[in-house]
Every structure is written in C-alpha cells, then in structure tokens.
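Peer 1: Chains as they are written, first to last, in the UniProt record's numbering: chain P, 1 to 196; chain H, 1 to 196. Ideal Cβ placement from N, Cα and C applies to all residues, glycine included. Since the model is a prediction, treat every value here as computed from it, not as a measurement.
2 protein chains.
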Amino acid sequence: MAANPTPLVNGEKANRREQILAAAAELFAHHGFHGVGIDDIGAAVGISGPALYRHFRSKDAILGEMLNSISRYLLDGGTTWAGRPGTPDDTLAGLVAFHVGFALNHPALITVQERNLANLTDADRKQVRALQRQYVEVWVRAICEAMPELGERQARSAAHAVFGLINSTPYNRHLGDGELAELLSRLALGALRAAG
Amino acid sequence: MAANPTPLVNGEKANRREQILAAAAELFAHHGFHGVGIDDIGAAVGISGPALYRHFRSKDAILGEMLNSISRYLLDGGTTWAGRPGTPDDTLAGLVAFHVGFALNHPALITVQERNLANLTDADRKQVRALQRQYVEVWVRAICEAMPELGERQARSAAHAVFGLINSTPYNRHLGDGELAELLSRLALGALRAAG
DNA sequence: CCTGCTTGTTAGCGCTCGCTAACCTGTCGC
DNA sequence: GCGACAGGTTAGCGAGCGCTAACAAGCAGG
Chain P
1 MAANPTPLVN
11 GEKANRREQI
21 LAAAAELFAH
31 HGFHGVGIDD
41 IGAAVGISGP
51 ALYRHFRSKD
61 AILGEMLNSI
71 SRYLLDGGTT
81 WAGRPGTPDD
91 TLAGLVAFHV
101 GFALNHPALI
111 TVQERNLANL
121 TDADRKQVRA
131 LQRQYVEVWV
141 RAICEAMPEL
151 GERQARSAAH
161 AVFGLINSTP
171 YNRHLGDGEL
181 AELLSRLALG
191 ALRAAG
Chain H
1 MAANPTPLVN
11 GEKANRREQI
21 LAAAAELFAH
31 HGFHGVGIDD
41 IGAAVGISGP
51 ALYRHFRSKD
61 AILGEMLNSI
71 SRYLLDGGTT
81 WAGRPGTPDD
91 TLAGLVAFHV
101 GFALNHPALI
111 TVQERNLANL
121 TDADRKQVRA
131 LQRQYVEVWV
141 RAICEAMPEL
151 GERQARSAAH
161 AVFGLINSTP
171 YNRHLGDGEL
181 AELLSRLALG
191 ALRAAG
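(1) Can you give me the start and stop residues for the alpha helix (DSSP H) that Tyr53 (chain P) sits inside?
(2) Excluding the 5 residues preceding and the 5 following Val140 (chain P) in the sequence, name in chain order all residues of the same chain whose CB lies nearer than 8 Å to its CB.
(3) Give the interface partners of Arg193 (chain P) over in chain H, defined as CB-CB distance under 8 Å, in chain order.
(4) In whole angstroms, what separates the C-alpha of Arg173 (chain P) from that of Arg129 (chain H)?
(5) Which chain H residues are close to Asn119 (chain P), counting only those with a beta carbon under 9 Å from its beta carbon?
(6) Closer than 7 Å by beta-carbon distance: list the chain H residues that pair up with residue 236 (chain P), in chain order.
(7) Is it a yes or a no for the stretch 20–36 of chain P touching the stretch 115–127 of chain P, going by three-plus beta-carbon pairs under 8 Å?
(8) In angstroms with no decimal places, state the Cα-to-Cα distance between Ile41 (chain H) and Ile62 (chain H).
(9) Could one say the Cβ of Tyr171 (chain P) lies closer than 8 Å to chain H's Cβ atoms, at least one of them?
(10) Would you kindly check if the distance between the Cβ of Ala161 (chain H) and the Cβ of Ala191 (chain H) is under 8 Å?
(11) Mind checking if Leu184 (chain P) is an interface residue toward chain H, Cβ cutoff 8 Å exclusive?
(12) Are at least three pairs of beta-carbons, each pair with one atom in the stretch 89–106 of chain H and one in the stretch 40–58 of chain H, less than 8 Å apart?
(13) Hey, does Gln154 (chain H) have any beta-carbon neighbour from chain P nearer than 8 Å?
(14) Verify whether the separation of the beta carbon atoms of Asp124 (chain P) and Asn167 (chain P) is less than 8 Å.
(15) Using only alpha-carbon positions, find the residue among P:Glu149, P:Asn15, P:Ile20, P:Leu92 that is nearest to Ala142 (chain P).
(16) Do Leu184 (chain P) and Ala195 (chain H) come within 8 Å of each other at the CB atom, strictly closer than that value?
(17) What number of angstroms, rounded off, separates the C-alpha of Phe33 (chain P) from the C-alpha of Met66 (chain P)?
(18) State the Cα-Cα distance for the pair Glu12 (chain H) and Ala51 (chain H), rounded to the nearest angstrom.
(19) May I have the straight-line CA-CA distance separating Gly83 (chain H) from Ala188 (chain H), to the nearest angstrom?
(20) Buried or exposed: which applies to residue 202 (chain P), given that a residue is buried once 16 or more other Cβ atoms fall within 10 Å of its Cβ?
(21) My assumption, with CB atoms under 8 Å, is that Pro88 (chain P) sits in contact with Ala146 (chain P). Please give the rounded CB distance.
(22) Would you say residue 220 (chain H) lies against chain P (beta-carbon separation less than 8 Å)?
(23) Could you tell me which of P:Pro107, P:Thr80, P:His106 sits nearest to Gly94 (chain P), measuring between CA atoms?
(24) Is it the case that the Cβ atoms of Arg72 (chain P) and Leu131 (chain P) are separated by a distance below 8 Å?
(25) For the alpha helix (DSSP H) containing Glu18 (chain P), list its first residue and its last residue.
(26) Assuming the contact rule is C-beta atoms closer than 8 Å, Gly64 (chain P) and Thr111 (chain P) should be a hit. Round their C-beta distance to whole Å, please.
(27) Beta-carbon separation of Gly46 (chain H) and Asp39 (chain H) under 8 Å?
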C-alpha cells in the first residue's frame, strides 16, 4: 500500500476543523445560521454537541472563520488572475472562469456567504466586508479597463449583478458541471459586453 | 374632500395584516427567519408581541403568506407579460422589465424569497415551489421562443442565472433607481443574447 | 508507571423563544 | 345603554438553544 493519502499520520484529527467547517457550511446553507444547532453540526461529523468547543471558541467563531476564509480565497484568486498578463478582455474572462469554478465546486459556501453576513460578530463582519470590498474592486478595475466608456459606479453595479448571475449555481443543478460552467461564463461575459 | 383613498373606513385596522407582512419582510431579509422574534415584528408595527396572533395563526403562517403572495404576484405578472402580442424578443424584454421592476421596488421581498424557502411549513413550501416552478416555465418558454437553438435545459439554467443577476438589487444601491433598472435590463438581455 | 495533554463524553444551567391564558377597552348594532 | 366582538395588554408555560462543568479514555515522554 502507498502512504496515507492524507498528509499527516493523524490525518483524521488534524483536519477535524476542516471537517467541521465543511459540515457546518452545508447545514448553514440549507437551514440558515440560526436554524442549525451545535448538536446538528456535531452529529454531522460523528461527534456530539459540545465537543465542538475543543476546536472552536463559539458557534459564531465557526461562521466567522468560514466566511473569512472564503473571502480571502476569492480575493487571493481574484488578484492573481487580475495580475496575469493579457488583454483586458482576457483578464475579465479569467476572473469569470475563476469565480464560476468556485461557485460550481462550492455552492454551499456561496450560499452561506450570500445569506449569513448579518449573523457575524461585529469584528468578523468588518473583516469579511473589507475583503469582499477589495474583491469587488478587483472586478471593478478589470471591468473599467475592458470597457472604458463605463463609469466606475456602473462597473460596480455590473460586478454585483454578475456575481448574482454566477452565484445562481445552488439553484442550477439541471446541467452537468462542464456544460453549466460554459453556459455561465458565456452569460456573464455577454452581460458585461452589453454593459458598455 | 374626496373619499378616503383606502377602500375601507377603518383603513388603519384593515391593513394591519399588510403592515405586519411588510415589517416582517424587512426583518426577515436582514436577520433571517430564525433571527427575528415575534416581539421584534410586533415592535416594528407599534404593537407588542403576542398581539400578532390576532392576525396570524403562527409565525410560520406569516412567512407562508408572504412567500405565497410574492410567488403568485410574479407568476401572474409573468403570464400577463408573456401573453402580450409582440415578437419573442419583445416578450423577453417585457419579462425582464417586469422582474427588474419588482426587484427594484421590493428588494426585501426578493431577499426573503431567495433565502427562506427552507423555513416554510411542508405544505407552504409545496405551494410556493409549485408557483415558482410555473414562473420559471414562463421564462423558459419565452427564452426558447426567442432563441430556438437553445435546449430547454440550457434555457432553464439561463433563466435561473438571469434571476440571480436581477435579484442582486439588495446589494446594489450605488446607482439611482432609474439608472440601475436600465443597466440591469441591458445586462440581463445581453446575457440572454449571449446564451445562443 | 505515572503524568499530562488532547479530545471526547454527559449533565445541566440560564436564557430566549413561540405561543397560550386571562384580562381589559373602545366601537357598533340593536 | 348594553352586550358582543375585535384587537390590544401582561404573565407565564414548556421547549430548545449556546455554552460550561466535570469527568473519562487514549496516548506520549521520561
């Protein structure tokens, strides 16, 4: 047998936190933050209730870490794609493909990030909002460069609208992943092209 | 003086239900169904807590009536616009304008309908889902007629994506209403045009 | 072998929530 | 006038919640 596919010997234990975050994301997406109990999250990973407090300070902390890491991932990916060489249209296409990929692979995270900002601690919300704003700004810059005739405020509204379009993946399970990715990319770029 | 603009003499009392529904919509949109208490809703309309039970059987009934009436309104409006004479492109433009108008005038209702389906009673959810499905079908038919080269499944996905685009109004308060309506319509139609 | 750390367990506290009960008041038909 | 009803009030119930306390099992290092 080859070595354990998980990087650590105590793989099970080391990614308990990730396990919990993934299960909580699924539950939060389906029932909303207040609709999910500590016991539900525990049960979903095979432990029961208060054992979660060995890994997280509070229920709010679970949501906080979840949304923080999502926002950071999007911002990092966005800045990376925006920094690649190429025409403005290429950059925009890259951003679209990146966001579509994320939305397709993690529909639950998309749902949680869209719906549960208001349930964060004040401090966490501040952080997450800041990251989200920066991500939007990456898009705004890319849109403005690709279509200079568009004002910055219009570009920002267009960015939010395109996020809404792409983030429809949770309701969009009729098509196969590849086909849906291609369709969403075409729709998003078509919308942006029509903005100018 | 002309007659009272409200249809009944006891106008204040007659639309208590509407008043409650409007306040609850705003609260549900901001904090989620489980994040809002009976007392919060009461306070928002100037009465306190259990007085709500003079007008609604339960908290679930408030959400149920809210989502039912939204879905019915959308379906009615959608079928009306879809039935008007004109080219398929005109029909699509009419549907877009109708949905944009609703999303702009009632961002809270849009938010509630998107996020709180899971909090409904089984019976209510069944009803609402049926209405929503019918509304989607109105769009699917219109899309298929306007771009016959598109399959029905693709059209359904495109419809959901366009809903997501238009329903971004709650995050989209940078532009004036008229300007935003015009931009969203252009984006939506541009996306649909790019689908074919 | 003992010590201590990690990661579980169960019991239970304190609080909040949806909802009911019991009571009060203004308005209207007769 | 007066009874009935519509639409409010406050008090309080039972259940469920987040979280803590107290304890137990497995394992590591000396």
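Peer 2: According to the structure shown:
(1) Here residue 53 (chain P) corresponds to residue number 53 of the first sequence, with the count starting at 1. Run containing Tyr53 (chain P): none; DSSP gives neither H nor E here.
(2) Position 140 of the first sequence, counting from 1, holds the residue named residue 140 (chain P). Counting only Cβ-Cβ distances below 8 Å, and skipping sequence neighbours, we find Glu152, Ala155, Arg156, Ala159.
(3) In the first sequence, residue 193 (chain P) corresponds to position 193, counting from 1. Those are Gly190, Ala194, listed as they occur along chain H.
(4) Translated into positions along the first sequence, residue 173 (chain P) becomes position 173. Translated into positions along the second sequence, residue 129 (chain H) becomes position 129. For Arg173 (chain P) and Arg129 (chain H), the gap between their C-alpha atoms comes out near 16 Å.
(5) If you number the first sequence from 1, residue 119 (chain P) lands on position 119. Result: His31, Gly32, Gly35.
(6) Residue 236 (chain P) lies beyond the range of chain P shown here (1 to 196); nothing can be said about it.
(7) Yes, since at least three Cβ pairs between the stretch 20–36 of chain P and the stretch 115–127 of chain P fall closer than 8 Å, the two stretches touch.
(8) Here the question's residue 41 (chain H) lines up with position 41 in the second sequence. Here the question's residue 62 (chain H) lines up with position 62 in the second sequence. Near 10 Å, if we compare the C-alpha coordinates of Ile62 (chain H) and Ile41 (chain H).
(9) Within the first sequence, the letter at position 171 stands for residue 171 (chain P). Interface annotation, Tyr171 (chain P): in contact with chain H, CB-CB separation under 8 Å.
(10) Here residue 191 (chain H) corresponds to residue number 191 of the second sequence, with the count starting at 1. Here residue 161 (chain H) corresponds to residue number 161 of the second sequence, with the count starting at 1. Against a cut-off of 8 Å, the Cβ pair of Ala161 (chain H) and Ala191 (chain H) comes out as a contact.
(11) For this step, residue 184 (chain P) is matched to residue 184 along the first sequence. Yes, Leu184 (chain P) lies at the interface with chain H (some Cβ there is under 8 Å from its Cβ).
(12) Contact between the stretch 89–106 of chain H and the stretch 40–58 of chain H is not established, with fewer than three Cβ pairs separated by less than 8 Å.
(13) Within the second sequence, the letter at position 154 stands for residue 154 (chain H). At least one chain P Cβ lies under 8 Å of Gln154 (chain H).
(14) Within the first sequence, the letter at position 124 stands for residue 124 (chain P). Within the first sequence, the letter at position 167 stands for residue 167 (chain P). Their beta carbons are not under 8 Å apart, which means Asp124 (chain P) does not touch Asn167 (chain P) by this criterion.
(15) Counting from one through the first sequence, the residue named residue 142 (chain P) turns up at place 142. Here the closest residue by C-alpha is P:Leu92.
(16) Residue 195 (chain H) sits at position 195 when you count from the first residue of the second sequence. Residue 184 (chain P) sits at position 184 when you count from the first residue of the first sequence. No; because the gap between Cβ atoms is not below 8 Å, this pair is not in contact.
(17) Sequence index remark: in the first sequence, residue 33 (chain P) carries index 33 (1-based). Sequence index remark: in the first sequence, residue 66 (chain P) carries index 66 (1-based). Whole-angstrom Cα-Cα distance: 12 Å.
(18) Translated into the one-based positions of the second sequence, residue 12 (chain H) becomes position 12. Translated into the one-based positions of the second sequence, residue 51 (chain H) becomes position 51. Legend: pLDDT at Glu12 (chain H) = 48, less than 50; position of this residue unreliable, value from coordinates given subsequently. When rounded, the distance between both Cα atoms is 15 Å.
(19) Working through the second sequence from its first residue, we reach residue 83 (chain H) at position 83. Working through the second sequence from its first residue, we reach residue 188 (chain H) at position 188. Each residue's Cα considered, the two are about 20 Å apart.
(20) Since the first and last residues shown for chain P are 1 and 196, residue 202 (chain P) lies out of range.
(21) For the purposes of this step, residue 88 (chain P) is taken as residue 88 along the first sequence, with counting starting at 1. For the purposes of this step, residue 146 (chain P) is taken as residue 146 along the first sequence, with counting starting at 1. At roughly 4 Å, the Cβ-Cβ gap stays under 8 Å, so Pro88 (chain P) and Ala146 (chain P) are in contact.
(22) The structure shown does not extend to residue 220 (chain H), since chain H is modelled only from 1 through 196, so no value can be given for it.
(23) Here residue 94 (chain P) refers to the residue found at position 94 when the first sequence is read from its first residue. Checking every option, the nearest Cα to that of Gly94 (chain P) belongs to P:Thr80.
(24) Translated into positions along the first sequence, residue 72 (chain P) becomes position 72. Translated into positions along the first sequence, residue 131 (chain P) becomes position 131. Going by beta carbons, Arg72 (chain P) and Leu131 (chain P) fall inside the 8 Å limit.
(25) Looking up residue 18 (chain P) in the first sequence gives position 18. Taken as a continuous stretch (DSSP letters only), the alpha helix (DSSP H) holding Glu18 (chain P) covers 16–31.
(26) Here residue 64 (chain P) is taken as the residue at index 64 of the first sequence, counted from 1. Here residue 111 (chain P) is taken as the residue at index 111 of the first sequence, counted from 1. For Gly64 (chain P) against Thr111 (chain P), the beta-carbon gap comes to about 17 Å, at or over 8 Å, which does not count as contact.
(27) Position 46 of the second sequence, counted from the first residue, corresponds to residue 46 (chain H). Position 39 of the second sequence, counted from the first residue, corresponds to residue 39 (chain H). Contact check for Gly46 (chain H) against Asp39 (chain H) fails: the beta carbons are separated by 8 Å or more.
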